[in-house]
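Since the structure comes first, as structure tokens, the remarks are kept for the end.
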Amino acid sequence: MAQKRDFHLSQRLYSRVTISSHCAFSFRPRFAQANNGGNSVKKGNQKSGLIGRLLVVAAVLGLTVATAAHAVEVDKNLPSYKKVSGVSGNLNSIGSDTLLNLMTFWAEKFRESYPNVNIGIEGKGSSTAPPALIEGTSQLGPMSRKMKDKEEDAFEKKFGYKPTHLRVAVDALAVFANKDNPIECLSLEQVDAIFSKTQKMGHSPINTWGEAGLKGDWAKRPISLYGRNSASGTYGFFKKKALGKGDYRDTVKEQPGSAAVVQSVAVERYAIGYSGIGYATPDVKAVPLAKKAGETCYAANAENAFSGHYPLARYLYVYVNKAPGKPVDKLTAELLRLVLSKEGQEIVVKDGYYPLNAKIAAEELELLK
Numbered sequence: 001m002a003q004k005r006d007f008h009l010s011q012r013l014y015s016r017v018t019i020s021s022h023c024a025f026s027f028r029p030r031f032a033q034a035n036n037g038g039n040s041v042k043k044g045n046q047k048s049g050l051i052g053r054l055l056v057v058a059a060v061l062g063l064t065v066a067t068a069a070h071a072v073e074v075d076k077n078l079p080s081y082k083k084v085s086g087v088s089g090n091l092n093s094i095g096s097d098t099l100l101n102l103m104t105f106w107a108e109k110f111r112e113s114y115p116n117v118n119i120g121i122e123g124k125g126s127s128t129a130p131p132a133l134i135e136g137t138s139q140l141g142p143m144s145r146k147m148k149d150k151e152e153d154a155f156e157k158k159f160g161y162k163p164t165h166l167r168v169a170v171d172a173l174a175v176f177a178n179k180d181n182p183i184e185c186l187s188l189e190q191v192d193a194i195f196s197k198t199q200k201m202g203h204s205p206i207n208t209w210g211e212a213g214l215k216g217d218w219a220k221r222p223i224s225l226y227g228r229n230s231a232s233g234t235y236g237f238f239k240k241k242a243l244g245k246g247d248y249r250d251t252v253k254e255q256p257g258s259a260a261v262v263q264s265v266a267v268e269r270y271a272i273g274y275s276g277i278g279y280a281t282p283d284v285k286a287v288p289l290a291k292k293a294g295e296t297c298y299a300a301n302a303e304n305a306f307s308g309h310y311p312l313a314r315y316l317y318v319y320v321n322k323a324p325g326k327p328v329d330k331l332t333a334e335l336l337r338l339v340l341s342k343e344g345q346e347i348v349v350k351d352g353y354y355p356l357n358a359k360i361a362a363e364e365l366e367l368l369k
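Residue 1 is where the sequence shown starts when you use our numbering, and the numbers rise one by one after that.
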């Protein structure tokens, strides 16, 4: 029996994992978000609003949200995964770093039912998924954003049809500050003014923590910036949603993975960075965000993501090559059936992201047929 080991922050720096009979993982513990206080900050108890195509309120999701720890339970109506016969072979997943751990944990869970299946997982950024699917070097293309038109066009030119994407989880893209930072709230205009050299949102440049609203010793401290590189879907999503499609400052220190961003912010007192909420650690805090200056700031948690109040909520995707009128190959389909099952969505929660409800999971399962 393979010895299980904890998958801690340092291990998240690896960008390729092979799941075989010699490899097993266990979940690292999740941690509650910091309480950022203040009358303008909402942890979330709203019962209305949308996130993209989610079109459901938190109450409909079958989720239990605990105010203190933001604990989430999966929809009780999600189907349990049932093992089938005749599943074997090799699978490759190439794409998002944000989804690297989720893909790893899903693969390990899958191999509990199918020990003869080998799964290679590489997470160097969402932009690596489309060419891998086109070249046939992967069957699964995890992405933290949707494919760009030019990526879909390249796929269609090769195969004569567009790739199929499935929603597999919900993320709250977080703006992380060091745990000692007293910042309670930032508007997207301020975030743009901190990270962008173009300030498309209209705010004047913010270079110090004093210009972001802090006082005392913090006021004169320059803000140290960390972010992802251009291969990352998170880089593109943040550029579009937080920077108004503007340009990043040249002083943003680009990192190859989300773990490196969070680790940098954790050890540098005056730093700020962004990554998926699943990479949170006790040494950083997710800063509550407001869509506009003067509006309520909302914490990065499940309820605010599902209600649509948190401005940087997003779906996470897995792309596959599915010809029209033909089902996805059995091995790929079974792994995705696990992902969209009760057990698969429990893994989403354990890794710090937010689960799909049964309705959306059922819609995605239909795409495999």
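We put the CB at the ideal spot given by N, CA and C, even for glycine.
Pick from the options that is closest to residue i, judged by C-alpha positions
{"i": "S80", "options": "I347, A177 and E343", "result": "E343"}
{"i": "E364", "options": "T164, A231 and S88", "result": "T164"}
{"i": "S96", "options": "T332, A259 and D283", "result": "A259"}
{"i": "D192", "options": "K285, R111, A305 and A242", "result": "A242"}
{"i": "H203", "options": "Y279, Q190 and K292", "result": "Q190"}
{"i": "L289", "options": "A313, D283, E268 and G278", "result": "A313"}
{"i": "K285", "options": "V262, V72 and S307", "result": "V262"}
{"i": "D149", "options": "V168, G216 and S127", "result": "S127"}
{"i": "Y317", "options": "N116, L166, G308 and L338", "result": "L166"}
{"i": "K253", "options": "A231, S224 and C185", "result": "S224"}
{"i": "G216", "options": "E108, I183 and T332", "result": "I183"}
{"i": "P222", "options": "F238, Q139, K240 and T251", "result": "T251"}
{"i": "L338", "options": "T234, N90, S113 and V349", "result": "S113"}
{"i": "D153", "options": "Q139, L140 and I134", "result": "I134"}
{"i": "D180", "options": "P205, W209 and F155", "result": "W209"}
{"i": "A323", "options": "Q345, F155, S88 and T234", "result": "F155"}
{"i": "K197", "options": "A293, A219 and K239", "result": "K239"}
{"i": "Y279", "options": "G89, T98 and Y298", "result": "T98"}
{"i": "G89", "options": "T234, A71, D329 and E211", "result": "D329"}
{"i": "L309", "options": "E211, K291 and K162", "result": "According to the sequence displayed, residue 309 carries His and not Leu. Nearest option by C-alpha distance: K291."}
{"i": "I360", "options": "G325, Y315 and A333", "result": "Y315"}
{"i": "N321", "options": "T137, L340 and S341", "result": "T137"}
Cross-strand partners of residue i (DSSP beta bridge)
{"i": "E363", "result": "Paired residues: none, contrary to the question."}
{"i": "L225", "result": "I272"}
{"i": "L91", "result": "I119"}
{"i": "T254", "result": "Residue identity differs from the one stated: residue 254 is Glu in this sequence, not Thr. DSSP output for E254 lists G227 as bridge partner(s)."}
{"i": "L356", "result": "Beta-bridge pairing links L356 to no other residue."}
{"i": "T208", "result": "P222"}
Three-state secondary structure assigned by DSSP to residue i
{"i": "N118", "result": "strand"}
{"i": "V287", "result": "coil"}
{"i": "R249", "result": "coil"}
{"i": "K350", "result": "helix"}
{"i": "V320", "result": "strand"}
{"i": "T371", "result": "Any answer about residue 371 is impossible in this case: the structure gives the chain only from 1 up to 369."}
{"i": "A313", "result": "strand"}
{"i": "L338", "result": "helix"}
{"i": "S196", "result": "strand"}
{"i": "T98", "result": "coil"}
{"i": "S140", "result": "Per the sequence shown, residue 140 should be read as Leu rather than Ser. Here L140 sits in strand by DSSP."}
{"i": "L368", "result": "coil"}
{"i": "V72", "result": "coil"}
{"i": "G216", "result": "helix"}
{"i": "P130", "result": "helix"}
{"i": "Y81", "result": "coil"}
{"i": "M201", "result": "coil"}
{"i": "T281", "result": "coil"}
{"i": "G429", "result": "Missing from the structure shown is residue 429; the chain here goes from 1 to 369 and no further."}
{"i": "G308", "result": "coil"}
{"i": "A107", "result": "helix"}
Beta-carbon proximity check, residue i vs residue j, cutoff 8 Å
{"i": "A266", "j": "A172", "result": "no"}
{"i": "K200", "j": "G246", "result": "yes"}
{"i": "G213", "j": "R145", "result": "no"}
{"i": "I347", "j": "F159", "result": "no"}
{"i": "P142", "j": "M103", "result": "yes"}
{"i": "V175", "j": "V287", "result": "yes"}
{"i": "N101", "j": "D283", "result": "no"}
{"i": "N178", "j": "R269", "result": "yes"}
{"i": "Y248", "j": "F195", "result": "yes"}
{"i": "A231", "j": "G125", "result": "yes"}
{"i": "Y353", "j": "I277", "result": "yes"}
{"i": "L331", "j": "V117", "result": "yes"}
{"i": "L368", "j": "L336", "result": "yes"}
{"i": "L186", "j": "P311", "result": "no"}
{"i": "A358", "j": "D75", "result": "yes"}
{"i": "E73", "j": "S93", "result": "no"}
{"i": "M147", "j": "Y298", "result": "no"}
{"i": "Q345", "j": "L140", "result": "no"}
{"i": "N370", "j": "P205", "result": "Absent from the structure is residue 370, since the part of the chain shown begins at 1 and ends at 369."}
Min CB distance residue i to chain D below 8 Å
{"i": "N92", "result": "The question asks about chain D, but that chain is absent: this structure has only one protein chain."}
Any non-hydrogen atom of the ligand ADP closer than 7 Å to residue i Cβ
{"i": "S258", "result": "This structure simply doesn't include the ligand ADP, nor any ligand for that matter."}
Whole alpha helix (DSSP H) elements within the segment 142-194, 4-residue minimum = For the segment 142-194, the continuous alpha helix (DSSP H) assignments of 4+ residues that do not extend past its boundaries occur at 149-159, in sequence order.
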